[in-house]
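Undergrad: Let me give you the structure first, and then I'll get to my questions.
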Amino acid sequence: MEKELIIQSSSSNDLEIALVEDGKLVEIHNQRGNDHFQVGDIYLGRVKRLTPGMNAAFVEIGHPKDAFLHYTDLGPKLPSSLKFVKGALQGSFGDGMLDQLNISEEIQKSGRIDLVLAKRSMVLVQIIKEAISTKGPRLSCELTIAGRFLVLTPFTDSVSVSKKIGNEEERKRLHVLVESIKPKNFGIIVRTAAEGKKVAELHEEIRELKEKWISIYQNIKTGENPRRVLSEIDKTNSLLRDLLNDDFNKVVVDDKLVFDKIKSYLQNIAPEKARILQLHKGPKPIFDQYSITKQIKSSFGKTSTMSSGAYIVIEHTEAMHVIDVNSGPKYSNHVHEDAILRINLEAGEEIARQLRLRDIGGLIVCDFIDMKNNEHKRLLEKKMVEFMAKDRAQHTILPLSKFGLMQITRERAKPEINIQTAEVCPVCDGTGKVTASILIIDKIESDLDFIMNSGEKTSLILRVHPFVESYIKQGIITRQYKWFMKYWKWITVLPNLDFHIFEYKFFNSNDDEIRLGQ
């Protein structure tokens, strides 16, 4: 699989980032220059109010709406975290490491929030979901500081290795290695990218993660409360950190400043990959050059059509998303069972792409074309797991029901991406009404008469839609000839396929447009 990251810059430090896999657009992200609240940011928050009925708290972090913290997101190590925050505010931890911290007893899994948190208490939290609709961000007290190979988790001593590393010997090697170099009272999660890495590389990343933790400590000690104490790296670098592997073959950006930042980041985390970075300098916009705009227009909207002619219809309700699979006009009413399987498999792959692309979360119900063959049903279920394996969001796929419905739940970490692909009609300007077609020639002749009476001495060129050109030139005595007899000047009439049927423009002999109020 080949992966490409296409980055288009705009004003105000905003970026549009497109992730392409094997030529297909699979993810699109917006990085806004004024976006201060993103997943991964760590804040020192103040408990605003407790709601025992919901077993949750609302925390002030500086967002217009108070953030939501549920008991299940407190984590068992909450007492240790609260003890650290209290000591950090007093500056009693030296360099900020946890060597001197006595880890407290864990809280119960099913306790009450009002017994472990108090109103106005300061708590260290991390955003796990962005603000969606009328809801503020969702928080967790189980902090993670991510690197490319490792994830640092404070207040615990556990070491875990990604299940995606299948080689048992490699898993044991990484576990022993990380166990020997990790700092005291910090846990480590070993990511898939760490497979085959040497101790020097992992030790260096632990050093960088420790520096981030020390910066959290320093930010807690000084400044106003509540506030952000650690910011997640920007969206572009975050994607590179999480996705960069041998499949990545191109990163293209159209802004020199962004290019330099990404180059510096790549040289820091993976110097051998710096060569894949390119600066786009062509005359066409970068999204047009790499067909991103075209794919956005064809991929968003109610209907998504596949190469076979089959299509899926995506509907949204208050409680769920519903996706209907249709065979399309190329197939008869009596489609062979093997053909139905092919359509469903193609639709399954497209559904997996659409969920990533639009970042659809919550409950998704997929209505596949009904299959009678149980082997085919099992194959579709197996393939859906494979199609969704590329999705980094947590998800669950249930088997097909007897009605041919498949239920998918997908983690929602930010608002769904919704791009309007419909364009305002250039003929009616969105009103739904156009000038009577019989009057178009009258309008052209009125403008022509104005130009001629204004003293235009050069020859004229009239560009119109091909249908209008044919009308002007039809018959033995054409309208073009009548104009010549009236003005004693030949008016050249040329067709333009890009014009809508009621569009026309006059040009002089230098091919400069003669602008009129039309």
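Residues in the sequence shown are numbered from 446 upward in steps of one, following this note's numbering.
Ideal Cβ positions, reconstructed from N, Cα and C, are used throughout, including at glycine.
These numbers were taken from a predicted model, which means no experiment stands behind them.
With DSSP as the reference, please indicate the residues paired to Leu695 in a beta bridge.
TA: Leu is not the amino acid found at residue 695; the sequence shown has Lys there. DSSP, once it has assigned bridges, lists Glu449 as partnering Lys695.
Undergrad: From this set, Ser555, Pro509, Leu534, Ser454, which residue's C-alpha is nearest Ala501's C-alpha?
TA: For the residues Ser555, Pro509, Leu534, Ser454, the minimum Cα distance to Ala501 belongs to Ser555.
Undergrad: Which residues bound the beta strand (DSSP E) around Pro671?
TA: Run containing Pro671: none; DSSP gives neither H nor E here.
Undergrad: Got a sec? Which residues, its chain only, sit under 6 Å from Phe952 by beta carbon, not counting five neighbours each side?
TA: Excluding positions up to five away in sequence, the list reads Ile906, Glu958.
Undergrad: Name the DSSP beta bridge partners of Ser683, please?
TA: In the DSSP output, where bridge partners are listed per residue, Ser683 has none listed.
Undergrad: Can you check the segment 777-824 for any alpha helix (DSSP H) of at least 4 residues that lies completely inside it and give the ranges in chain order?
TA: List check, alpha helix (DSSP H) in window: 782-803.
Undergrad: Using DSSP bridges, identify the partner residues of Leu942.
TA: Bridge partners of Leu942: none, in fact.
Undergrad: Within 8 Å of any Cβ in chain C, is that where the Cβ of Gly746 sits?
TA: Absent from the structure: chain C. Only one protein chain is present.
Undergrad: In whole angstroms, what is the alpha-carbon distance linking Ile699 and Val471?
TA: Contrary to the premise, residue 699 reads as Asp rather than Ile in this sequence. Whole-angstrom Cα-Cα distance: 20 Å.
Undergrad: When you compare each of His821, Asp836, Lys835 to Pro844 by their alpha carbons, which one comes out closest?
TA: That would be His821, whose Cα lies nearest to the Cα of Pro844.
Undergrad: Alpha carbon to alpha carbon, what distance is there between Asp705 and Arg565?
TA: If I take the Cα positions, the gap works out to 43 Å.
Undergrad: Report, in whole angstroms, the separation of the C-beta atoms of Arg857 and Lys574, which I expect to be a contact under 8 Å.
TA: About 7 Å separates the two Cβ atoms, so the contact holds.
Undergrad: Find out if the Cβ-Cβ distance for the pair Ser549, Pro521 is shorter than 8 Å.
TA: Contact flag unset, no.
Undergrad: Given a cut-off of 8 Å, decide if Val568 and Leu562 are closer than it, judged by their beta-carbon atoms.
TA: Taking 8 Å as the Cβ cut-off, Leu562 and Val568 qualify as a contacting pair.
Undergrad: Quick one, which of Lys701, Lys739, Ile741, Arg557 has its alpha-carbon nearest Leu514's?
TA: Of the listed residues, the one whose Cα sits closest to Leu514 is Arg557.
Undergrad: Between which two residues does the alpha helix (DSSP H) holding Met897 run?
TA: 885-898 is the extent of the alpha helix (DSSP H) around Met897.
Undergrad: Is DSSP giving Met851 helix, strand or coil here?
TA: Looking at Met851 - three-state DSSP - the assignment turns out to be strand.
Undergrad: Between Glu649 and Phe503, what straight-line distance do the alpha-carbon atoms span, to the nearest angstrom?
TA: If I take the Cα positions, the gap works out to 38 Å.
Undergrad: Would you mind working out which of Leu884, Lys859, Glu791, Met897 sits nearest Pro582, comparing C-alpha positions?
TA: The candidate whose alpha carbon is nearest that of Pro582 is Lys859.
Undergrad: According to DSSP, Gln723 sits in a beta bridge with which residue or residues?
TA: Note: Gln723 sits in a beta bridge opposite Val697.
Undergrad: In the DSSP assignment, find the unbroken beta strand (DSSP E) run with His761 in it and report its ends.
TA: 756-761 is the extent of the beta strand (DSSP E) around His761.
Undergrad: Taking one C-beta from the segment 879-891 and one from the segment 824-837 each time, how about it: are there three or more such pairs within less than 8 Å?
TA: Result no; under three Cβ-Cβ pairs closer than 8 Å.
Undergrad: Assign Ile862 to one of three DSSP states: helix, strand, or coil.
TA: DSSP places Ile862 in coil when its eight states are reduced to three.
Undergrad: What is the C-beta distance between Arg908 and Lys950, in whole angstroms, given that I count them as a contact (C-beta under 8 Å)?
TA: That pair is a contact at about 5 Å.
Undergrad: What does Gln571 pair with, by DSSP beta-bridge criteria?
TA: Answer is Ile487, Ser585, bridged to Gln571.
Undergrad: Quick one: what does DSSP say Phe947 is sitting in, helix, strand or coil?
TA: Coil, per DSSP.
Undergrad: Going by the CB atoms, is the gap between Leu689 and Ile633 shorter than 8 Å?
TA: It is not a contact, given that the beta carbons lie outside the stated cut-off.
Undergrad: Give me the residue from Leu961, Gly806, Leu825, Val697 with the minimum Cα distance to Ala838.
TA: Nearest option by C-alpha distance: Gly806.
Undergrad: What residues in its chain sit with their C-beta under 8 Å from that of Leu808, if we drop five residues either side in the sequence?
TA: Excluding residues within five positions, the ones whose Cβ falls inside 8 Å are Ala764, Met765, His766, Gln852, Ile853, Thr854.
Undergrad: Between Glu948 and Cys870, what straight-line distance do the alpha-carbon atoms span, to the nearest angstrom?
TA: Looking at the two C-alpha atoms, the distance is approximately 13 Å.
Undergrad: Can you check whether the CB of Arg636 is closer than 8 Å to the CB of Ser603?
TA: No.
Undergrad: Tell me whether Asp956 is buried or exposed, calling it buried when 16 or more other Cβ atoms sit within 10 Å of its Cβ.
TA: Asp956 should be labelled exposed.
Undergrad: With a threshold of 8 Å, are at least 3 pairs of Cβ atoms found where one atom belongs to the segment 691-698 and the other to the segment 448-465?
TA: Output reads yes: the segment 448-465 touches the segment 691-698.
Undergrad: Kindly indicate the opening and closing residues of the beta strand (DSSP E) around Glu472.
TA: 469-476 is the extent of the beta strand (DSSP E) around Glu472.
Undergrad: Rounded to whole angstroms, what is the Cα-Cα separation between Leu543 and Leu654?
TA: Answer to the nearest angstrom: the Cα atoms are 14 Å apart.
Undergrad: Taking only three categories from DSSP, how would you classify Phe704?
TA: It is helical.
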